[in-house]
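Enquirer: Okay, handing you the structure first.
Protein chains in written order, with UniProt numbering: chain A, 1 to 515; chain B, 1 to 515.
Next up, the structure:
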């Protein structure tokens, strides 16, 4: 690892300083809904059967230093990323060529594709699609040459259920508040100051994206009032993150929304004869709503489909006239396989979707080299790199499937592959490890304060609303394309898995530094 | 009891309706800081040693119907009440005549008075006083004649540590939100509708009161930055209520404030040679602040003074140049004895302080008859009423001291007095019971839903800033006088004690009805 960029960070706190910071942080977070429902290991269901307890969301005590140029580049290219993934989702033929490679390996992708095909046979009745995207990056420092400028490298691109947009706005406000009340020692003011903090407006901007789709849907087909449907998992510990979007949508645009647990879809919705999606609130069955927009915060993981009924549910939603956020094609566009195909060295694909060369090259610069494990030239090169312990140490092996977890790191790769029949290898991609500069921070989680080396992951949100194009030659058009704030997730550098709600990290905000 | 005014209230909910309402209420409350720290009986200190858990504050599921005329009268006369109590606090001679009757009986009043006298001997250096008052009422229906119009009767007037101004704003917003998302059945829309709900702006208005004092204090004497000091109890379960005022003060006026646990006063403050009050934050001893305003959320109960040091602390604060909210004289003006003297039938005192006859008569109309238990004519009459079980049944016996609790009700009064030496009787007042019209509501507390008969208590907040007047003939003047929102506290009608944080009630909002 390179030497720390910020050797003095975070500032050391005396016990009085830490107490002041923590007591203010703990109260502010609850007063402003920077919260989660406690983990069962912290509060058992037996103790709180009706679920009224909440706790501060895992957060960093300090904003994390982040290279200004990297931060600004990440936000600046989000619109290009929105354009890219919208174009992919609109190119069914190209998508099909990729997905077909996965169908024999990945049942989940296969089922999604079949669901799309079933709707296609019948004909889609909704031409609009909404994407609330999040492009995740880490800062990469060349391990062989510390003088090479730091750059942003993409970890993954999320096209479904991009989370933490609600809490991210709150944590940047929290860090700003802590600065304003002098909870950060004045000795640190050269690095922690108001000019360097960056507010994330993700909650309001994502809500504006939902409102834009709601409006673009147009007039009610059924004469019923209109609503947005949040399709959710149940129970949901990270509920306040989602609720902040609901509240922002309601407060700023007056749009009604409902939370529909995914497993209740068949019970609580129906399709009219013209495939208008009707939501029947269980609390008020006589006052049904027409759904303009289906916002998936569930349905992204095979675990969400324990029965065949959930696939029937997904089909119903996809068949409907409601705008999907995302459509199945957009969901599939987020496959790691797509990321890999785009990031395979000398890939011709990027220019297909981003015809502007300057834009394409800025996006390309954020790709870490990614290899398939197939019979292509790049695949054969990758197999060599992955099975040799000397080279494998610079790589990570990732399943194509969405949802995080199950990554195989560095020296574990050769033995893992050895135990796996080679016919299954194409279900994985090989990616060069991103080497973030060492950093330290302090995290509050479940009331425990943990200090140590951390890794930050920048997520940039994007809102994209487009028309898919209904016939050959009509490739559709983008109606709205916006960068929509950011998320910084910070996790201990000993763990190599992400995801704050799963207990492996904390929400954070960016403190821009010139390096 | 009279027949219920709202026999159909609250609407019956199906289990689906209740689930919808509750899940929205539980999430909204945490997302917006309508919360308390859980009671030790719910979450032990051992389980959550660092105190990160929170829970929904005890709240009513529905706003409570409240007679429109009573509500409007309560708000309309708050400025008169502010004027009244400001005038009392400025009339030291009159106050002394009342307090002297209590000194032999009530050690706490005696100590407060001695503290005032000590400062007076030296001379006060601050001529301004701030009151953040709350006048508490119940609706009274004549038990003998149900056709008599409902009227508002005062329960007590708080001149120190008036609580729930922070949460009250939130609960009225909550009920409005629940209405907007159709959590109340449409069958109830003739009674529960947006026109009938009343938003309380207590949090922002009380914060504006603190800001007004902060500004009126003027320039820094010491050259140090200025701040407001919240003098608090520790631990404080109702902390978010207080925090909302802090946040509103900071967000709207940019005023810094600190929380000073009362028991740390001598450690963390000092007086300059000209009695400027300096606060030394333990987290940053080198950056001391000059205190413009001392806002007491502690110090109102004898329990806050376990050692002589706390009296030394109160003396230091009172001696200081900071504006006190409240001063000791204002604190003493809130004695129940004062209320009793004003409300004793045919008392001459009210017109002394409220020379406008029309204003005085409106205030007088809100008094329930209150009797001393002394040797006066009214006192002798009271002793007769209190010791006879047939008449005692319409009365409550209350200690003169502040802080709630220890009231003796109805048939318990004669036996209680029998056991008390008659020399101690003057420590109590006898008050005609207010007979509120029967009402039902549903309360969520610690995750439990309780439904039943309830009693509502309306609190009206007032902000009053005045100059005390420094010499004979100069009686001072009121600089700011505002009504500052309201609180509705609702408790089960079987319990006869109030106070939500103590676990005996819930915060609520008013649904105005014409009766």
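All C-beta atoms, glycine included, are put in the ideal place defined by N, C-alpha and C.
Among A:286, A:360 and A:272, whose alpha-carbon lies nearest the alpha-carbon of residue 320 of chain A?
Expert: In the first chain, residue 320 of chain A corresponds to position 320, counting from 1. Considering only alpha carbons, the answer is A:272.
Enquirer: Using a Cβ cut-off of 8 Å (strictly closer), state whether residue 30 of chain A contacts chain B.
Expert: Stepping through the first chain from its first residue, residue 30 of chain A is reached at position 30. Closer than 8 Å: yes.
Enquirer: I need the DSSP call for residue 60 of chain A, collapsed to helix, strand or coil.
Expert: For the purposes of this step, residue 60 of chain A is taken as residue 60 along the first chain, with counting starting at 1. DSSP places residue 60 of chain A in strand when its eight states are reduced to three.
Enquirer: Among the residues of its own chain, which have a CB less than 6 Å from the CB of residue 32 of chain B, if the five just before and after it don't count?
Expert: To locate residue 32 of chain B, count along the second chain from 1; it is residue 32. Only 170 meet the Cβ criterion.
Enquirer: Tell me the DSSP bridge mates of residue 279 of chain B?
Expert: For this step, residue 279 of chain B is matched to residue 279 along the second chain. Bridge partners of residue 279 of chain B: B:269 and B:289.
Enquirer: May I ask you to report which of helix, strand or coil DSSP gives residue 447 of chain B?
Expert: Here residue 447 of chain B corresponds to residue number 447 of the second chain, with the count starting at 1. The DSSP-derived three-state label of residue 447 of chain B is coil.
Enquirer: Using a C-beta to C-beta distance shorter than 9 Å, which residues of chain A count as neighbours of residue 55 of chain B?
Expert: Counted from its first residue, the second chain places residue 55 of chain B at position 55. In chain order: 48, 52, 53 and 54.
Enquirer: Could you run through the region 224 to 253 of chain B and flag, in chain order, every residue whose CB is less than 8 Å away from some CB of chain A?
Expert: 239, 240, 243, 244, 247 and 250
Enquirer: Taking only the alpha-carbon atoms, compute the straight-line gap between residue 188 of chain B and residue 200 of chain B and give it to the nearest angstrom.
Expert: Here residue 188 of chain B is taken as the residue at index 188 of the second chain, counted from 1. Here residue 200 of chain B is taken as the residue at index 200 of the second chain, counted from 1. Their backbone Cα atoms lie some 22 Å apart in a straight line.
Enquirer: So residue 268 of chain B contacts chain A; which residues on that side make the cut at Cβ distance below 9 Å?
Expert: For the purposes of this step, residue 268 of chain B is taken as residue 268 along the second chain, with counting starting at 1. Within 9 Å Cβ-Cβ: nothing; residue 268 of chain B doesn't reach chain A, min ~11 Å.
Enquirer: Establish whether the CB of residue 525 of chain B and some CB of chain A are separated by less than 8 Å.
Expert: Absent from the structure is residue 525 of chain B, since the part of chain B shown begins at 1 and ends at 515.
Enquirer: For residue 592 of chain A, which option in B:144, B:446 and B:469 has the closest C-alpha, if you only look at C-alpha atoms?
Expert: Within the shown structure, residues of chain A are numbered from 1 to 515, placing residue 592 of chain A beyond reach of any answer.
Enquirer: Answer yes or no: do residue 259 of chain A and residue 296 of chain A have a C-beta to C-beta separation smaller than 8 Å?
Expert: For the purposes of this step, residue 259 of chain A is identified with residue 259 of the first chain, where counting begins at 1. For the purposes of this step, residue 296 of chain A is identified with residue 296 of the first chain, where counting begins at 1. No, the pair does not count as a contact, with Cβ atoms beyond the cut-off.
Enquirer: Inspect the CB distances between the region 157 to 169 of chain A and the region 231 to 244 of chain A and report whether three or more fall short of 8 Å.
Expert: yes
Enquirer: What separation, rounded to the nearest whole angstrom, lies between the Cα atoms of residue 160 of chain A and residue 257 of chain A?
Expert: Translated into the one-based positions of the first chain, residue 160 of chain A becomes position 160. Translated into the one-based positions of the first chain, residue 257 of chain A becomes position 257. Put simply, the backbone Cα of residue 160 of chain A is about 18 Å away from that of residue 257 of chain A.
Enquirer: Let's see if you can read the secondary structure: which residues bound the beta strand (DSSP E) around residue 96 of chain B?
Expert: One-based indexing of the second chain puts residue 96 of chain B at position 96. Counting along the chain, residue 96 of chain B falls outside any beta strand (DSSP E), though it belongs to the alpha helix (DSSP H) covering 92 to 103.
Enquirer: Specify, as a first and last residue, the run of the alpha helix (DSSP H) that residue 24 of chain A falls within.
Expert: One-based indexing of the first chain puts residue 24 of chain A at position 24. Per DSSP, residue 24 of chain A belongs to the alpha helix (DSSP H) from 15 to 31.
Enquirer: Can you name the start and end residues of the beta strand (DSSP E) that residue 128 of chain B belongs to?
Expert: Looking up residue 128 of chain B in the second chain gives position 128. Taken as a continuous stretch (DSSP letters only), the beta strand (DSSP E) holding residue 128 of chain B covers 128 to 140.
Enquirer: Measure the CB-CB distance between residue 133 of chain A and residue 81 of chain A and report whether it falls below 8 Å.
Expert: For this step, residue 133 of chain A is matched to residue 133 along the first chain. For this step, residue 81 of chain A is matched to residue 81 along the first chain. Against a cut-off of 8 Å, the Cβ pair of residue 81 of chain A and residue 133 of chain A comes out as a contact.
Enquirer: I want to see whether chain A comes within less than 8 Å of residue 26 of chain B, judged by CB atoms only; does it?
Expert: Here residue 26 of chain B refers to the residue found at position 26 of the second chain. Taking 8 Å as the CB threshold, residue 26 of chain B lines the interface with chain A.
Enquirer: Using a Cβ-Cβ distance cut-off of 8 Å, determine whether residue 17 of chain B contacts chain A.
Expert: Your numbering for residue 17 of chain B matches position 17 in the second chain. Cβ-Cβ to chain A under 8 Å: yes for residue 17 of chain B.
Enquirer: If we ignore side chains and look at the alpha-carbon of each, how far apart do residue 440 of chain B and residue 453 of chain B end up?
Expert: One-based indexing of the second chain puts residue 440 of chain B at position 440. One-based indexing of the second chain puts residue 453 of chain B at position 453. When rounded, the distance between both Cα atoms is 4 Å.
Enquirer: Taking residue 303 of chain B as the reference, give the member of B:233, B:238, B:334 and B:324 with the closest Cα.
Expert: Locating residue 303 of chain B in the second chain gives position 303, counting from the first residue. Checked all of B:233, B:238, B:334 and B:324; the closest Cα to residue 303 of chain B is B:233.
Enquirer: Would you report the Cα separation of residue 337 of chain B and residue 449 of chain B, rounded to the nearest angstrom?
Expert: The residue given as residue 337 of chain B occupies position 337 in the second chain. The residue given as residue 449 of chain B occupies position 449 in the second chain. So the two alpha carbons sit approximately 38 Å from each other.
Enquirer: Output needed in chain order: residues of the region 274 to 301 of chain B with a Cβ under 9 Å from some Cβ in chain A.
Expert: Hits within the stretch, in order: 281, 282, 283, 284, 285, 286 and 287.
Enquirer: Would you report the Cα separation of residue 154 of chain A and residue 117 of chain A, rounded to the nearest angstrom?
Expert: Locating residue 154 of chain A in the first chain gives position 154, counting from the first residue. Locating residue 117 of chain A in the first chain gives position 117, counting from the first residue. Answer to the nearest angstrom: the Cα atoms are 31 Å apart.
Enquirer: Which residue's Cα is closest to the Cα of residue 340 of chain B: B:365, B:93, B:372 and B:327?
Expert: Within the second chain, numbered from 1, the residue matching residue 340 of chain B stands at position 340. Ranking the options by Cα distance to residue 340 of chain B, first place goes to B:372.
Enquirer: Determine the DSSP secondary structure at residue 409 of chain A, reduced to helix, strand or coil.
Expert: Taking the first residue of the first chain as 1, we reach residue 409 of chain A at position 409. Assigned with DSSP and collapsed to three states, residue 409 of chain A falls in strand.
Enquirer: Take the Cβ of residue 147 of chain B as the centre, count every other Cβ of all protein chains shown within 10 Å, and call the residue buried at 16 or more, exposed below.
Expert: Along the second chain, one-based indexing puts residue 147 of chain B at 147. Per the 10 Å Cβ criterion, exposed.
Enquirer: Can you check whether the C-beta of residue 161 of chain A is within less than 8 Å of a C-beta belonging to chain B?
Expert: The residue given as residue 161 of chain A occupies position 161 in the first chain. False, the Cβ-Cβ gap to chain B never drops below 8 Å.
Enquirer: Any C-beta of chain A sitting closer than 8 Å to the C-beta of residue 182 of chain B?
Expert: By 1-based counting over the second chain, the position of residue 182 of chain B is 182. For residue 182 of chain B, the answer is yes, since a Cβ of chain A falls inside 8 Å of its Cβ.
Enquirer: Return no unless some Cβ of chain B is closer than 8 Å to the Cβ of residue 35 of chain A.
Expert: Walking along the first chain from the start, residue 35 of chain A turns up at place 35. Interface residue, yes.
Enquirer: Based on DSSP bridge pairs, tell me the residues matched to residue 153 of chain A.
Expert: Translated into the one-based positions of the first chain, residue 153 of chain A becomes position 153. Among the bridge pairs identified by DSSP, residue 153 of chain A is matched with A:138.
Enquirer: Compare the beta carbon distance of residue 325 of chain B and residue 291 of chain B with 8 Å and say whether it is the shorter of the two.
Expert: For this step, residue 325 of chain B is matched to residue 325 along the second chain. For this step, residue 291 of chain B is matched to residue 291 along the second chain. By the CB criterion at 8 Å, residue 325 of chain B and residue 291 of chain B fall outside the cutoff.
Enquirer: Taking only beta-carbon atoms, is residue 38 of chain A less than 8 Å away from chain B?
Expert: As a first step, residue 38 of chain A must be located in the first chain, where it is residue number 38. For residue 38 of chain A, the answer is yes, since a Cβ of chain B falls inside 8 Å of its Cβ.
Enquirer: Is the Cβ of residue 505 of chain B closer than 8 Å to any Cβ of chain A?
Expert: Numbered from 1 along the second chain, position 505 holds the residue referred to as residue 505 of chain B. Not closer than 8 Å to any Cβ of chain A, the Cβ of residue 505 of chain B fails to qualify, so no.
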